[in-house]
Structures are given as C-alpha cells and as structure tokens.
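Visitor: Residue numbers (our numbering), protein chains in the order written: chain A, 1 to 148; chain B, 149 to 689.
Glycine is no exception: its CB is placed at the ideal position from the N, C-alpha and C atoms.
A single structure is presented below for examination.
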C-alpha cells in the first residue's frame, strides 16, 4: 500500500506532509509522545486519499500552495490554514484519525493498545454500602416527581 | 412476485417491531416481519479491530448519510441543525444506541393538564407500568431500586459501575442538594440469560461485541424465531397497499436485488421509527389517501421532536478514566426535570453524566459534533493536560411538539431502490434555548461543586454547542390521540383512518419527555400488543 501511495505523491510531497503533520500534532516536551509526522501517519493520509479519489485534486492544490509557503513554523501553518481551509481541514481530520487510532499511541495515552473487545477495561462495581452512602442524601429528600 | 398471505405483517425489526411481535406470539397468528437490513454478528463489530475508533467515521457511523449502505436510506437534513441518526439491521437502532434506559415519568403523559402545553397522552404511566417491567426483564436492565424521581420499581439487575467519574459528580450533586441517581441501562451488570456482562469497553455506539448491551437481535429475536415468527431480511417496504374498502391489504417491498414483491396481510404494523414511519406513510399514496396513508388529519410527519442537547465539561485534578465503561450513562440528575413556574421555560431537562471519549473521537470533536480540537502547541496541552481529567454533563432537553418541525418527502433524493427519501425541516424552539441557558449554568455549578478546577471548552461537544448528530430520538410524527382530526392513531396505536393499520414506534409519542425513549417505546409496543389481544373480537370495527 505504501509503495502504491508513493507513486501518487512524490518524495518531496511526502516530506512536506510529514512536516505538516509534525506541526499539527507535535511531540511532547520530553519526547515520550511522538509527533504525527515522525511515526508515519502520512501513510494513513495518502491511503485515505487513495480510497477517495474525489479528495485528491483539492488536496494536491492545497499541498502545492503549502509547498510555496513551507511548513517550517507554526506561523507558516497558520497561513496555510487561512489560505487553504478545505485542504487544511481535510489534513487535520486525517491526521487526528490516523494518529489516535494507532494502538501504540492509544497506549501512550493510558488506554489499552489492544482492540477494546473482548477484554475491555476493569471497572469495579461499587459495593452496595458505598452506593447506599452516596445516594442517602437523595433518598432522604423523598419523592421528587409530580403525581399525574 | 407474490408470497403467501400472513395474519400480521410487521415492518421493521428494531425496538418496537420486536416487542409487539413478542406480545402477539401467544395469539398463534402467522406473524411476518420485514426488515430492510441484515443480521449483524458480533465478529463484525469494529471494537474487535485495532483501529476501532475509525469506524465511527465510516461504515459504523450513526449517520446513515455517512454509512451509505445499501440498507440505509439517505436523509436530507439541510434544513435542520440536528441530523437524525439510526441503524438499519435486525435490531434496528438498538444495534448502535447507548442503552440508556430512563423511563418517561407520570407528568410526561399529562403536559396539557399540568402545564398547559402540548397535549395529554391517551395513555398514562400507571397503565404502562407492567409493560415497562416486562420489557426490562426481557432486555435485561441494570439499575438501582429506590430512585425517588419515579414511582417505585426494581430493575432486574444491579447497577453497572458508575466509576470514578460518576462517583465524583455524584458528590457534586449531593453538595448542592440536587437529585441524581445511577442510570438505568439496558446493559448487563452480570451474566444473564445466556448473555455476558459488560466489559466496560466504551464502544456501545459501535455495537456491543460482548452482547451485554440489549439490542433486540439478541434479546427478543432469538425468542421470536423459536416461537415461529418469520423474519425476512433485506426486504425494504416501498408502500403499504390499500384496498377499495379502505383497509390495508399488505405491502410492496424490494428484495436485496431490487425485485418488487407483494406481501398480503390481514393486519399491518409499522415500526420504522419517527422518520421512517412518516416517510413510508407519505409514500403510500392512493385514490383514497392522496396525501399519504392514514393522514386525513394532516398530522403525518408533523410535530417532529428530538432531544436537543448541549453540554458542559469540567477539568478535574485527577484522571477521570472516562473512556472506561458504557458511554451513556453513568449518573443522571432529574433535579430540573419537572416544570417550575419560577423559571422562564416550561417543562425541563436532564443532566446526563455520560462518560468521555477515547482519543480520536475526543480530538475530532466528540460524538455529537465535528469540531476538531486545536492543532499545534495547544493540541499538545489539550491532550496532555485536559483530556485525561475531564468529566462532563449533557443537558438533554424536552422538545415540545411544533407543527413546523416535520418530515416530508424530498422531491429529488431517493434510496437505492428509487423510493423517495425523507427531508427534515426543524428549528430549535425558544423554550429549548432557554432551557439550554439554564441547564448550562446548572451543569457548570454541579461540576464545580464536584471539584472541577475549571470549566473547559473540550471540543467534545460539551461546550455549549448544540450537537449536530443528536437525532437519535425521533418522535411525534404520527401522534396518538382521541380526536381523529388532530392525531393519527388512537390510544392503542390503531390508525383512525385505517382500522387494520397500527403504528408502534416513537412516531406515536404525543410529547417527548426529556429521557431517552427506547424504554418507553417498547413498553408502549407491548401495551399496544396487549390491547390488540383484548380487542381481538372487534379489532377492525
């Protein structure tokens, strides 16, 4: 898939997408959470474009303008966002989708890396006495609906 | 093509169609259900895949226009701030609903008498009570008995965990002296009836691969099939056919390949939800009913009600683990549910403590809206300093029936069989806007009382924006009533105009309440089934 995608978008364009992705989702200060471009989210982006050819032309136009402006600073990216809103919204959406749906990123945010079924998460059911204590003030005030 | 005639033809295998079929099983009538969707199996649910969150934005979106599957029909909601959402399969929208299960309350059925708005229902809470109970048992409801916001009842299973988020918010409500209670849910807190308990995956809207959430394909339908009810999937009804005598004769439907079949029946039951039902009636035009079937009142498609909602989010000092556990709902406050003459609106709203989102959904704007969180340095801050620590409250308002809010047929748009698609025309009412203002202030108060450090715009649709994808509950478009001039069906679901045609979904709701409707939809369907049995000797008189 990556090879095929590479055929649609040149190495320069791929590098530009990586640079933009790094601006959109930067790494954490200590580097423990990586930036989006650095872990290959571009592959997700180009795959999505591959699967929906109607997106390719607007994306290519936006990317061409981005190449002129550059992606080296947040200010440059703000300019791209302002001048090419359609392109930018699409890239932002695909960046978030591609990045946060990755098991490795999910794990860094405290979620399970595994598919959420069948294991799910362990959340203990509250003991009856805890629920009794918590609800006591509500029960003590009595009926709070209107008879009809 | 013609098929063997049946006694009862039910259109739609979702919440209400399954429930009424169950009620009618004991009559030994030949019951056939036509469902435009297919069976969906647990192995097909996205939560078993690595990238499960992406399904929310593709083939498992709650928005039929995004899914665009063969069994879906498009909905034109350009003239509505709220998009109706649904699912088309055996189980209907119980496949992707959240299983939040509050009942409507006694006052919901008497809004005209009590508050001078809308109309009273021709049926009341006490009449429905045994049917709530029967349905809760079949669906496998979990909850805590003793809620002082309702007449006494006991859910069949103990409550699911309210979790850290729920416990934290509960303390806030207690601090203020406001009502709250662990939510009733159609989700199992313990293994029951061959189904396993909830694993707290937090993907209720993507179908429950554990089988813990009660969708009718795994609750009612196995019983119905064992009892001999026939279910034909991939069968999309084009129109209900009416004879010269004014009775429904049956339907014309398309199979998966588009071929048209005719299916005759002694009695037709419509169970297609508050958008699908008026669409079908309006598409069923004949010499006797030129404006749509059973529409002499002109009320078919009118008075569309949703539950408009917005929300408020607080950031706490400790992680709230909001992604763990069923999405909706942890706890529910009905402190502001009933009318209070001191407020500038009538009726009321609920404050729902739903759990929060997993990261992709959070970053993209939440379940209800597409409004991505910022990029760049601010993005990092949101994900690191806000996302883990949030808990929110949604304000779920009672919508009032207004005739200009309606379902009509789109002049151009059709489904893949060429059947005209529904068009939604809807405006959020003045009363609702006042409720939002009141509710957002109260929600913020409750969050701060619970220990929130601050109220944040979290991009999760809980920052005062009305949710776009909030049209889960579609009600009122073929309403009940005793007067044929102002209502479509009588007090037990029979059309005033067509005596062998029944409607059993939320179209027949007279008012909306401010609670998720499925519990009431199914209780009402069981009640209608019971009324059919009681009136069987004179059913079509």
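Can you tell me whether residue 400(B) is helix, strand or coil according to DSSP?
Guide: As a position in the second chain, residue 400(B) is number 252, starting the count at 1. The answer is strand: DSSP assigns residue 400(B) an E or B state.
Visitor: Helix, strand or coil: which one does DSSP assign to residue 84(A)?
Guide: Here residue 84(A) refers to the residue found at position 84 of the first chain. If DSSP states are grouped into helix, strand and coil, residue 84(A) belongs with coil.
Visitor: If you check the beta carbons only, do residue 576(B) and residue 438(B) fall under 8 Å apart?
Guide: Looking up residue 576(B) in the second chain gives position 428. Looking up residue 438(B) in the second chain gives position 290. In this structure, residue 438(B) does not lie closer than 8 Å to residue 576(B) by Cβ.
Visitor: For residue 471(B), decide whether its Cβ has a neighbour in chain A, counting only Cβ atoms nearer than 8 Å.
Guide: Sequence index remark: in the second chain, residue 471(B) carries index 323 (1-based). For residue 471(B), the answer is yes, since a Cβ of chain A falls inside 8 Å of its Cβ.
Visitor: How close, in whole Å, do the beta carbons of residue 24(A) and residue 43(A) come, if the pair is a contact with beta carbons under 8 Å?
Guide: On the first chain, position 24 is the one that residue 24(A) refers to. On the first chain, position 43 is the one that residue 43(A) refers to. 15 Å between Cβ atoms; not a contact.
Visitor: Under DSSP, the beta strand (DSSP E) around residue 149(A) begins and ends at which residues?
Guide: In this structure chain A extends from 1 to 148, so residue 149(A) is not present and cannot be described.
Visitor: According to a CB-to-CB cut-off of less than 7 Å, which residues of the region 245-269 of chain B neighbour chain A?
Guide: Hits within the stretch, in order: 253, 254, 255, 257, 258, 262.
Visitor: Compute the distance between the beta-carbons of residue 251(B) and residue 614(B), then report whether it is under 8 Å.
Guide: Looking up residue 251(B) in the second chain gives position 103. Looking up residue 614(B) in the second chain gives position 466. No, these two residues do not count as a Cβ contact at 8 Å.
Visitor: Taking the alpha-carbon of residue 530(B) as reference, which of 544(B), 510(B), 516(B), 515(B) has the nearest alpha-carbon?
Guide: Within the second chain, the letter at position 382 stands for residue 530(B). When each option's Cα is compared against that of residue 530(B), the closest is 510(B).
Visitor: Based on DSSP bridge pairs, tell me the residues matched to residue 623(B).
Guide: Sequence index remark: in the second chain, residue 623(B) carries index 475 (1-based). Partner(s): 453(B).
Visitor: Please list the partners that residue 327(B) has in chain A, where partner means a Cβ-to-Cβ separation under 8 Å.
Guide: Taking the first residue of the second chain as position 1, residue 327(B) is located at position 179. Under the 8 Å cutoff, chain A gives 138, 141, 144.
Visitor: Can you tell me the Cα-Cα spacing of residue 679(B) and residue 640(B), whole angstroms?
Guide: Translated into the one-based positions of the second chain, residue 679(B) becomes position 531. Translated into the one-based positions of the second chain, residue 640(B) becomes position 492. Going by the C-alpha atoms only, they are around 6 Å apart.
Visitor: CB-CB under 6 Å to residue 219(B), same chain, minus the five flanking residues each way: which ones, in chain order?
Guide: Here residue 219(B) is taken as the residue at index 71 of the second chain, counted from 1. Counting only Cβ-Cβ distances below 6 Å, and skipping sequence neighbours, we find 184, 185, 236.
Visitor: Under 7 Å between beta-carbons, which chain D residues line up against residue 147(A)? List them in chain order, please.
Guide: Judged by its chain identifiers, the structure shown contains no chain D, and its protein chains are A and B.
Visitor: When the Cα atoms are used, what is the spatial distance from residue 375(B) to residue 635(B)?
Guide: Here residue 375(B) is taken as the residue at index 227 of the second chain, counted from 1. Here residue 635(B) is taken as the residue at index 487 of the second chain, counted from 1. Spanning the two alpha carbons is a distance of roughly 34 Å.
Visitor: Please decide whether residue 500(B) counts as near chain A, where near means a Cβ-Cβ distance under 8 Å.
Guide: The sequence position of residue 500(B) within the second chain is 352, counting from 1. Not closer than 8 Å to any Cβ of chain A, the Cβ of residue 500(B) fails to qualify, so no.
Visitor: Going residue by residue through the region 481-530 of chain B, where are the continuous alpha helix (DSSP H) segments of at least 4 residues, counting only ones entirely within it?
Guide: List check, alpha helix (DSSP H) in window: 507-512, 525-529.
Visitor: Using the beta-carbon count (16 or more within 10 Å), is residue 359(B) buried or exposed?
Guide: Against the second chain, residue 359(B) aligns to sequence position 211. Buried.
Visitor: Within the region 592-675 of chain B, note down every full beta strand (DSSP E) run reaching 3 residues or more, in order along the chain.
Guide: With a minimum length of 3 residues, the continuous beta strand (DSSP E) runs that stay inside the region 592-675 of chain B are 602-604, 649-651.
Visitor: In three-state DSSP terms, what is residue 459(B)?
Guide: Locating residue 459(B) in the second chain gives position 311, where the first residue counts as 1. Residue 459(B) falls in the strand class under three-state DSSP.
Visitor: Counting only the same chain and skipping the five closest in sequence on each side, list residues whose C-beta sits under 8 Å from that of residue 192(B).
Guide: Position 44 of the second chain holds residue 192(B). Counting only Cβ-Cβ distances below 8 Å, and skipping sequence neighbours, we find 355.
Visitor: Does the beta-carbon of residue 459(B) have 16 or more other beta-carbons within 10 angstroms, so that it is buried, or is it exposed?
Guide: Stepping through the second chain from its first residue, residue 459(B) is reached at position 311. Buried, by the Cβ-count rule.
Visitor: Do residue 227(B) and residue 572(B) have their beta-carbon atoms positioned less than 8 Å apart in this structure?
Guide: Taking the first residue of the second chain as position 1, residue 572(B) is located at position 424. Taking the first residue of the second chain as position 1, residue 227(B) is located at position 79. Yes, Cβ-Cβ distance for residue 572(B) and residue 227(B) is below 8 Å.
Visitor: Within a Cβ cutoff of 7 Å, which residues of the same chain sit near residue 449(B), ignoring the five residues on either side of it in sequence?
Guide: In the second chain, counting from the first residue as 1, residue 449(B) sits at position 301. 426, 430, 554, 555, 556, 625, listed in sequence order.
Visitor: Just the chain B side, please: which residues come within less than 8 Å of residue 126(A) by C-beta, in chain order?
Guide: For the purposes of this step, residue 126(A) is taken as residue 126 along the first chain, with counting starting at 1. The answer, in chain order, is 307, 309, 310, 315.
Visitor: From 151(B), 518(B), 178(B), 569(B), pick the residue whose C-alpha is nearest to that of residue 415(B); which is it?
Guide: As a first step, residue 415(B) is located in the second chain; it is residue number 267 there, counting from the start. The candidate whose alpha carbon is nearest that of residue 415(B) is 178(B).
Visitor: Cβ of residue 546(B) within 8 Å of Cβ of residue 451(B)?
Guide: The count along the second chain starts at 1 and reaches residue 546(B) at position 398. The count along the second chain starts at 1 and reaches residue 451(B) at position 303. No.
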